[in-house]
Amino acid sequence: NDSWQVLAGVHRGFSPLGGGAKENEEPETSINYEAGVRFNRAEWFLEALGFYSDFDNKTENCSLGNPCSNGATSGSFTTGQAVVSGLEFQANTAFDVGNFLIPLHIAYTYTQAELTKDNPAEGFQDGDTLADIPENTISLRVGLENPNGWSNYAVAKYIDEMCVSVGCNRTGDHFGETESLFVVDFISRYTLNSQAAIFLKVDNLLDERSIVSRVPDGARPNKPRTAPVGVEYTF
Numbered sequence: 002n003d004s005w006q007v008l009a010g011v012h013r014g015f016s017p018l019g020g021g022a023k024e025n026e027e028p029e030t031s032i033n034y035e036a037g038v039r040f041n042r043a044e045w046f047l048e049a050l051g052f053y054s055d056f057d058n059k060t061e062n063c064s065l066g067n068p069c070s071n072g073a074t075s076g077s078f079t080t081g082q083a084v085v086s087g088l089e090f091q092a093n094t095a096f097d098v099g100n101f102l103i104p105l106h107i108a109y110t111y112t113q114a115e116l117t118k119d120n121p122a123e124g125f126q127d128g129d130t131l132a133d134i135p136e137n138t139i140s141l142r143v144g145l146e147n148p149n150g151w152s153n154y155a156v157a158k159y160i161d162e163m164c165v166s167v168g169c170n171r172t173g174d175h176f177g178e179t180e181s182l183f184v185v186d187f188i189s190r191y192t193l194n195s196q197a198a199i200f201l202k203v204d205n206l207l208d209e210r211s212i213v214s215r216v217p218d219g220a221r222p223n224k225p226r227t228a229p230v231g232v233e234y235t236f
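In structure tokens, the structure reads:
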């Protein structure tokens with residue numbers, strides 16, 4: 002009807018292997034399913050989706066900046082059969098408070114990503130967690146908008162720790178995963194006219210520090226507190 006929508010889809014995924022692939026290696030293929038509902042009425046928009054991606058041959062593309070789970074820095078690395086599944090939820094609304102409008106947006110994703118078959122050749126087992134996929138991510142954005150053109154937004158984001166390489170859940174190696182990250186950003190913008198605006202943006206307002214990667218060559222932190230100020234002009 003005018004407020005509710007049901008959606009579903011199935012598609013075939015394909016990812017070719019990188020340079021240096023061997024003749025007996027197969028490209029990554031998958032079948033991906035999703036289904037959910039949407040609600041849209043007045044100030045409210047809600048969406049809930051479930052997804053299930055079945056990989057016949059999960060692969061990683063290796064580079065110097067992002068080595069594969071076996072340490073390779075070129076070509077591709079095959080990890081085997083895997084499933085990535087989970088739930089996504091988002092909600093949008095807005096409130097009038099005096100002369101101000103307060104928009105509110107929240108988004109959450111839960112993901113389970115693991116191998117579904119033993120891979121003795123590489124030493125992997127059924128249930129090993131895939132690399133670089135956080136289990137929980139959530140973001141919350143709150144705004145304060147004024148009709149005179151002055152708008153302010155705060156964005157809070159949380160990302161779970163992630164495996165650096167496949168199977169860190171089994172090895173118990175503390176250095177085999179990143180740290181969870183919570184960051185708050187702030188944006189303020191004032192429109193001078195139809196062509197010009199000034200802005201202030203503060204990334205990582207609380208100056209939180211976490212190890213967000215351990216490759217290549219050891220621990221790497223997130224960006225520290227950074228505050229650009231500028232003018233925007235549209236010709």
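Start counting the sequence shown at 2; every next residue gets the next number (the numbering used here).
For glycine and all other residues, C-beta sits at the position ideal for the given N, C-alpha and C.
Just so you know, these numbers come straight off a predicted model, no measurement behind them.
What separation, rounded to the nearest whole angstrom, lies between the Cα atoms of residue i and residue j?
i, j, result
"G81", "R221", "28 Å"
"A49", "L116", "25 Å"
"N93", "T227", "28 Å"
"L201", "V230", "5 Å"
"V185", "E35", "31 Å"
"D57", "F40", "34 Å"
"D133", "E29", "17 Å"
"C69", "F15", "19 Å"
"F78", "N137", "26 Å"
"G177", "R13", "32 Å"
Using the beta-carbon count (16 or more within 10 Å), is residue i buried or exposed?
i, result
"K118", "exposed"
"A9", "exposed"
"K59", "buried"
"I103", "exposed"
"E233", "exposed"
"S166", "buried"
"E44", "exposed"
"V11", "exposed"
"V38", "exposed"
Among the options, which has the Cα closest to the Cα of residue i?
i, options, result
"F101", "P68, V143 and V38", "V143"
"V203", "N147, V232 and V156", "V156"
"Y111", "I139, F46 and E123", "I139"
"P148", "L193, F200 and G231", "L193"
"S31", "V216, V38, F52 and H175", "F52"
"D129", "V84, I199, Y154 and W151", "V84"
"V213", "R171, Y159, F78 and N25", "Y159"
Suppose contacts are defined by Cβ-Cβ distances below 7 Å. Is residue i in contact with residue j by that definition?
i, j, result
"S189", "E162", "no"
"G72", "F125", "no"
"L88", "A114", "no"
"G19", "G76", "yes"
Since residue i is in the alpha helix (DSSP H), which residue starts that stretch and which ends it?
i, result
"T94", "No alpha helix (DSSP H) contains T94, which is instead part of the beta strand (DSSP E) from S77 to V98."
"R171", "C169 to T172"
Quick one: give me the first and last residue of the beta strand (DSSP E) that residue i is part of.
i, result
"N41", "E29 to R42"
"T138", "N137 to E146"
"K59", "W45 to N62"
"E115", "F101 to L116"
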